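Novice: In this note's numbering, the protein residues as written are 1251 to 1546. Using N, Cα and C, we set each Cβ at its ideal position, and we do this for glycine too. Owing to the predicted nature of the structure, the values given are computational and were not obtained by experimental measurement.
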Amino acid sequence: MIGYLFLFLALVSGLVKGFSGKTLSREVFSLYDGVAVNTLRTILCALIGLVLLLLFQGFNGLAISSDGFIVCLCSSVFMATFCISWLYAYRNEAYVFLSVFTMLASIVTGLLGWIFFSENIKTTKIIGMAVLIVAVYFTSIFNKKITGKITLKGMITLILGGLSLSLADFMQKVWVRGDYSHVTTFTFYTYALTIVPQLLLIFILRNNKSQALNKKLFDKKHLIIFIVISVALFSSSLTKTLAATYLDGSVMYPTLQAANLIATAALSKLILKEQLSLSAITGVIIAISGIVLMNI
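1) For ILE1298, which of ASP1429, ILE1371, THR1440 has the nearest alpha-carbon?
2) On a CA-only basis, which of ALA1508, THR1495, LEU1337 is nearest TRP1425? Give me that one, please.
3) Let me confirm a value: MET1251 is counted as buried when at least 16 other C-beta atoms fall within 10 Å, else exposed. Which label applies?
4) Locate the alpha helix (DSSP H) running through PHE1484, then write down its first and last residues.
5) Assuming contact is defined by CB atoms lying nearer than 7 Å, are ALA1537 and LEU1511 in contact in what I supplied?
6) Mind checking ASP1283: buried by the 16 CB within 10 Å criterion, or exposed?
7) Terminal residues of the continuous alpha helix (DSSP H) containing ASN1288?
8) Given a threshold of 16 other Cβ atoms within 10 Å of its Cβ, counted over all protein chains shown, does ARG1456 qualify as buried or as exposed?
9) Would you mind working out which of PHE1453, LYS1470, LYS1471 sits nearest LEU1463, comparing C-alpha positions?
10) Let me make sure I understand the geometry here. Which of PHE1420, ALA1508, THR1434 has the alpha-carbon closest to that of VAL1327?
11) Would you identify the three-state DSSP class for SER1325, choosing helix, strand or coil?
12) I'd like to know if the segment 1401-1421 and the segment 1262-1271 are in contact, where contact means that at least 3 CB-CB pairs between them fall below 8 Å.
13) Suppose the cutoff is 8 Å on Cβ atoms and the five residues either side in sequence are ignored; what does the same chain contact list for ASN1310 look like?
14) Report the three-state DSSP secondary structure of ALA1515 (helix, strand or coil).
15) For TYR1430, which three-state DSSP category applies?
This is how it looks when you write it as structure tokens:
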């Protein structure tokens, strides 16, 4: 039961992060903007992580093994790649379509859990995974009606973001299975390790004449959004890692994405005013059916 409680908290955090990110993405026009936005919220997440780490473990929580450091480093790279990719995706794709697309990432995470940790995948789960792919097809039809044809750049962004999300989620499972240290240590280092390379990338982009920073992103209004996103992003990472302690990846991640899909479909219509077509509703229903099969 406690595993599903953490999963619920991860769902709420993810929804707050997603809709705040959708709002912020309207002002992201370049790679420079995307990296700058992600760097600021990464710094805020690292500060939150440090406070919680010291609160729960004291300075001993900063100690980490070499293997644990590598896991955190991989997690930080995948997390940063996902966040920057999805800022572009939020801007160019329908939100419901993105929610269904991330469900494919949960399939990859589940398969990795099966390959490396022998987590059980029954025939019904495999059928459910195939059903999710069909769901993506139907929601892509809806996405095309809203945003037009998906470009090669857009598809690369979606694939890159989806794969990096699945690998970031898998690193949570690796940390828990490896029993390296407290989850606050993992979450803190995941964000802290991305700060320096992102600052270096900002320095490079700053001297690139083809890149221009949108200064509106850093006014008072947007700084409030940054704080909300950072808290939600950190909370999502922490609660998913805690949930991974109690639940198999083949159940946990697809279940989270299914609940996220249902909530997203409702909130997209109410908040973003996305008019759901028959293909979108069909895609949502098919996706939910796939998740049910995966949890049998």
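Specialist: If we stick to the structure as given:
1) Taking the sequence shown and counting its residues from 1, one reaches residue 1298 at position 48. Answer by Cα proximity: THR1440.
2) Translated into the one-based positions of the sequence shown, residue 1425 becomes position 175. TRP1425 has its Cα closest to that of THR1495, out of ALA1508, THR1495, LEU1337.
3) Taking the sequence shown and counting its residues from 1, one reaches residue 1251 at position 1. Label assigned to MET1251: exposed.
4) As a working note, residue 1484 is residue 234 in the sequence shown. Taken as a continuous stretch (DSSP letters only), the alpha helix (DSSP H) holding PHE1484 covers 1470-1493.
5) Residue 1537 sits at position 287 when you count from the first residue of the sequence shown. Residue 1511 sits at position 261 when you count from the first residue of the sequence shown. Against a cut-off of 7 Å, the Cβ pair of LEU1511 and ALA1537 comes out as a contact.
6) Here the question's residue 1283 lines up with position 33 in the sequence shown. Buried, since its Cβ has 16 or more Cβ neighbours within 10 Å.
7) Along the sequence shown, one-based indexing puts residue 1288 at 38. 1281-1307 is the extent of the alpha helix (DSSP H) around ASN1288.
8) Taking the first residue of the sequence shown as position 1, residue 1456 is located at position 206. When all chains shown are included, ARG1456 counts as exposed.
9) Here residue 1463 corresponds to residue number 213 of the sequence shown, with the count starting at 1. For LEU1463, the nearest C-alpha among the options comes from PHE1453.
10) The residue labelled residue 1327 in the question sits at position 77 within the sequence shown. Among PHE1420, ALA1508, THR1434, the Cα nearest to that of VAL1327 belongs to PHE1420.
11) Working through the sequence shown from its first residue, we reach residue 1325 at position 75. Here SER1325 sits in helix by DSSP.
12) no
13) Against the sequence shown, residue 1310 aligns to sequence position 60. Within the same chain, ASN1310 has no close Cβ partners at all.
14) Within the sequence shown, residue 1515 is the residue found at index 265, counting from 1. ALA1515 falls in the helix class under three-state DSSP.
15) Here residue 1430 corresponds to residue number 180 of the sequence shown, with the count starting at 1. TYR1430 falls in the coil class under three-state DSSP.
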